[in-house]
Amino acid sequence: MLMKEQGVKATTGSSWVVAWPCSTSGMAATATHFARQVGTAVKEKIGRTKRAQAPWYTSLMAAASRALVERLPLVDLIVEVRDARIPLSSECELLRNNLCSSRQIIALNKADLAGRSGSQAWTDYFRRTNCISCGVDAHNKESIKELLGLIQRQVRELRGTSHANYTATVMLIGIPNVGKSALANSLHQVGRISAAEKGKLRHATVSPEPGETKDIKSFKIGSHPNIFVLDTPSVLSPDVPDVEVLSKLILTGTIGDCLVSRKEIAEYFLAILNSSEEYKKWVKLSSDNTVGIYHGIPKGCLTFSEFEGKKKKQIPTDHTQDDIVCHVRRTLFETVSSFDGNISYEDEMGALIARQFAALQEAFHVSAECGEDAHVKVAGKLLNLFRTGRLGHYLLIFIPQVILQNPKLSFKHSSSTRRHQKVDLN
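Residue numbers for the sequence shown follow my numbering, beginning at 56 and rising by one.
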């Protein structure tokens, strides 16, 4: 069986085995084609600049990187925040040498966007490789309580004492837009309530745009012992050599959309959606009543008649309204379900995506008079719904079966070994 590397390697003993981290089906390979288009476009744009340096690696980020390296030995515990949808691609370069130490917790944030089963599989994988890990949703109180409990237990274990008359510091660190500030706010809020703390509640600035945090800020998250969490500026390596990893970082919002056309990014997302099973959950929205005979009807979804009734209350300019989101889901379901081509082929996947863009103009109330800008507007709205979880759950990298079936097999993620190559595992 031939497998390709995608920024990930599997090892057993001292031998290397290259493993394909997602489905080996033709449809997944087609989605990979669109991913490479996005990553390659960014690489080419960077190469055309005078400095030929990644635009996200600003002087502020370089200074933040140096400051964090100096502080790492001084804190009691490091919580590396990663995006649960891309648990390897969102690894922080600064921590590579400290990976899986007893002073580090890998928090897979946005677990709600990746899906419960996928997030749990990766959490189990990291634990199996002796990394302390947990999935977390920064906006879910119970999830935050679990992370807070893990932090408190680990701090006590590292201190090696049952006494509570000391102060510990915990540093949140990670690449842009993985939700560090949202986690800091939630840990601060839940921790203060648990400790019956009084006083004014503090807030870290949270933004959907990457790189919003500029300074290191401290928030109290526990008493007896006193625990403070440090929210830190985001850091991302200036060199991301793998184009597929680069495309994932762009799709999830780690890197701003200004480096490549939003339409290309949205095409990549649609290729993923069309290759997945996620759209089938929206069958109940279909105007074709015969479709439900062949598909299971999911819970928590408007019927077609309910959807038609809500359409009358739409505010056309707000694409985040439930009724408009339902219209978008219905459009995506019907375009994929009615397509009679073979989306394992790149040209046919492209034809389906072109059809979807045309249909989504109506769903998003984008006028055809906008011309070429219509596709840009559709792409922006579509990406916003994806990034906020309104269009389903997507795990963009899977643990290969060869890893799951062999407990001795583990990933080795190294930026110096991301070249694409093939090996025969049989």
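Even glycine gets a Cβ: it sits at the ideal position worked out from N, Cα and C.
Between the stretch 88-102 and the stretch 298-310, can you find at least three pairs of beta-carbon atoms closer than 8 Å?
yes
In chain order, which beta strand (DSSP E) runs of at least 3 residues are fully inside the stretch 169-246?
187-191, 222-228
Pull up the DSSP beta-bridge partners for Glu135, would you.
By 1-based counting over the sequence shown, the position of residue 135 is 80. According to DSSP, which records beta bridges pairwise, Glu135 is partnered with Ile161, Ile228.
Please determine, among Arg151, Thr184, Met226, Cys147, the residue with the shortest C-alpha to C-alpha distance to Ile133.
On the sequence shown, position 78 is the one that residue 133 refers to. Minimum Cα distance to Ile133 is reached at Met226.
Any idea what DSSP makes of Ile282, helix, strand or coil?
Taking the sequence shown and counting its residues from 1, the one referred to as residue 282 is at position 227. Of the three classes helix, strand and coil, the one that applies to Ile282 here is strand, per DSSP.
On a CA-only basis, which of Trp337, Gln207, Ser273 is nearest Ala239? Give me that one, please.
Residue 239 sits at position 184 when you count from the first residue of the sequence shown. Considering only alpha carbons, the answer is Ser273.
Considering only their Cβ atoms, is the gap separating Arg317 from Ala434 smaller than 8 Å?
Your numbering for residue 434 matches position 379 in the sequence shown. Your numbering for residue 317 matches position 262 in the sequence shown. Yes, the pair counts as a contact, with Cβ atoms nearer than the cut-off.
Near Cys147, what residues of its chain come up, given a Cβ to Cβ distance below 7 Å and the 5 sequence neighbours on each side ignored?
As a working note, residue 147 is residue 92 in the sequence shown. Counting only Cβ-Cβ distances below 7 Å, and skipping sequence neighbours, we find Glu135, Ile228, Gly229, Ile230, Val290.
Count the other C-beta atoms from every protein chain shown that fall within 10 angstroms of the C-beta of Thr85, then say buried if there are 16 or more, exposed otherwise.
Taking the first residue of the sequence shown as position 1, residue 85 is located at position 30. Thr85 is buried by the Cβ-count criterion.
If I measure Cβ to Cβ from Leu314 and keep anything under 6 Å in the same chain, skipping five residues before and after, which residues do I get?
As a first step, residue 314 is located in the sequence shown; it is residue number 259 there, counting from the start. Closer than 6 Å at the Cβ level, and outside the excluded window around Leu314, lie Val97, Lys100.
N- and C-terminal bounds of the beta strand (DSSP E) containing Lys272:
Residue 272 sits at position 217 when you count from the first residue of the sequence shown. First-last of the beta strand (DSSP E) with Lys272: 272-277.
Among Ser144, Ile160, Leu446, Tyr112, the one whose alpha carbon lies nearest that of Glu333
Numbered from its first residue, the sequence shown carries residue 333 at position 278. Of the candidates Ser144, Ile160, Leu446, Tyr112, the one whose C-alpha sits nearest the C-alpha of Glu333 is Leu446.
Cα-Cα separation, Ala406 to Ser172:
Here residue 406 refers to the residue found at position 351 when the sequence shown is read from its first residue. Here residue 172 refers to the residue found at position 117 when the sequence shown is read from its first residue. When rounded, the distance between both Cα atoms is 32 Å.
Assuming Pro142 and Ile452 are in contact, meaning their beta carbons sit under 8 Å apart, how far apart are those beta carbons, in whole angstroms?
Here residue 142 corresponds to residue number 87 of the sequence shown, with the count starting at 1. Here residue 452 corresponds to residue number 397 of the sequence shown, with the count starting at 1. 7 Å between Cβ atoms; contact.
Nearest-angstrom Cα separation, counted from His194 out to Ala65
If you number the sequence shown from 1, residue 65 lands on position 10. If you number the sequence shown from 1, residue 194 lands on position 139. Bear in mind that a pLDDT of 39 at Ala65, under 50, signals an unreliable position, so the model cannot answer this.
Near Gly170, what residues of its chain come up, given a Cβ to Cβ distance below 7 Å and the 5 sequence neighbours on each side ignored?
Translated into the one-based positions of the sequence shown, residue 170 becomes position 115. Result list for Gly170: His448, Leu450, in chain order.
Leaving out five residues before and five after Phe441 in sequence, what residues of the same chain have Cβ atoms less than 6 Å from its Cβ?
One-based indexing of the sequence shown puts residue 441 at position 386. Cβ within range, chain order: Phe324.
Going by DSSP, what residue range makes up the alpha helix (DSSP H) through Ser302?
Mapped onto the sequence shown, residue 302 falls at position 247. First-last of the alpha helix (DSSP H) with Ser302: 298-306.
Taking all protein chains shown into account, do 16 or more other C-beta atoms lie within 10 angstroms of the C-beta of Asn185, making it buried, or fewer, making it exposed?
As a working note, residue 185 is residue 130 in the sequence shown. Classification for Asn185: exposed.
Looking at the unbroken alpha helix (DSSP H) that takes in Glu125, where does it start and where does it end?
Counting from 1 along the sequence shown, the entry for residue 125 is found at position 70. It spans 114-126 - the alpha helix (DSSP H) in which Glu125 sits, taken as one unbroken run.
Output needed for Cys425: all residues of its chain with C-beta closer than 7 Å, excluding positions within five of it in sequence on either side, in chain order.
Taking the sequence shown and counting its residues from 1, one reaches residue 425 at position 370. Counting only Cβ-Cβ distances below 7 Å, and skipping sequence neighbours, we find Lys432.
Quick check: what's the CA-CA separation for Asp378 versus Val338?
The count along the sequence shown starts at 1 and reaches residue 378 at position 323. The count along the sequence shown starts at 1 and reaches residue 338 at position 283. Their Cα atoms are separated by approximately 15 Å.
Quick one: what's got a C-beta closer than 7 Å to Ser341's C-beta in the same chain, skipping five residues either side?
On the sequence shown, residue 341 is found 286 positions in, with the first residue counted as 1. Answer for Ser341: Phe359, Arg385, Phe388, Glu389, listed in chain order.
Counted within 10 angstroms of its Cβ, other Cβ atoms place Lys436 as buried (16 or more) or exposed:
For the purposes of this step, residue 436 is identified with residue 381 of the sequence shown, where counting begins at 1. Buried, since its Cβ has 16 or more Cβ neighbours within 10 Å.
Look at His243 and Ile282 and say whether their C-beta atoms are less than 8 Å apart.
The count along the sequence shown starts at 1 and reaches residue 243 at position 188. The count along the sequence shown starts at 1 and reaches residue 282 at position 227. For His243 and Ile282, no; Cβs fall outside 8 Å.
Under the assumption that Lys235 contacts Asp270 (Cβ atoms under 8 Å), give the Cβ distance between them as a whole number of angstroms.
Position 180 of the sequence shown, counted from the first residue, corresponds to residue 235. Position 215 of the sequence shown, counted from the first residue, corresponds to residue 270. About 13 Å; that fails the 8 Å criterion.
Can you tell me where the alpha helix (DSSP H) with Leu143 in it begins and where it stops?
Within the sequence shown, numbered from 1, the residue matching residue 143 stands at position 88. Note, Leu143: premise wrong, no alpha helix (DSSP H); not H, not E.
Reducing DSSP to helix, strand and coil, say where Gly435 ends up.
The residue you call residue 435 lines up with position 380 of the sequence shown. Three-state DSSP puts Gly435 in a helix.
Taking the alpha-carbon positions, what's the Glu319 to His430 distance?
Position 264 of the sequence shown holds residue 319. Position 375 of the sequence shown holds residue 430. Answer to the nearest angstrom: the Cα atoms are 10 Å apart.
Of the residues Trp177, Gln159, Ser156, Ser157, which one's Cα is nearest the Cα of Lys165?
One-based indexing of the sequence shown puts residue 165 at position 110. Ranking Trp177, Gln159, Ser156, Ser157 by Cα distance to Lys165 puts Trp177 first.
Do Ile187 and Ile160 have their CB atoms nearer than 8 Å?
Sequence index remark: in the sequence shown, residue 187 carries index 132 (1-based). Sequence index remark: in the sequence shown, residue 160 carries index 105 (1-based). Taking 8 Å as the Cβ cut-off, Ile187 and Ile160 qualify as a contacting pair.
Check Phe453 in the structure and name its three-state DSSP category.
Your numbering for residue 453 matches position 398 in the sequence shown. In the structure shown, Phe453 sits in coil (DSSP, three-state: anything other than H, G, I, E or B).
Quick one: what's got a C-beta closer than 8 Å to Lys196's C-beta in the same chain, skipping five residues either side?
Taking the first residue of the sequence shown as position 1, residue 196 is located at position 141. Result list for Lys196: Ser241, Val245, in chain order.
What number of angstroms, rounded off, separates the C-alpha of Leu123 from the C-alpha of Ser393?
Reading the sequence shown from its first residue, position 68 is the one you call residue 123. Reading the sequence shown from its first residue, position 338 is the one you call residue 393. Straight-line Cα distance between these residues: approximately 52 Å.
Quick one: Cα of Ala237 to Cα of Asn220, how far?
Along the sequence shown, one-based indexing puts residue 237 at 182. Along the sequence shown, one-based indexing puts residue 220 at 165. Approximately 28 Å, taken between the alpha carbons.
Given that a residue counts as buried once 16 or more other Cβ atoms are within 10 Å of its Cβ, and exposed if not, what is Thr309?
Looking up residue 309 in the sequence shown gives position 254. Result: buried.
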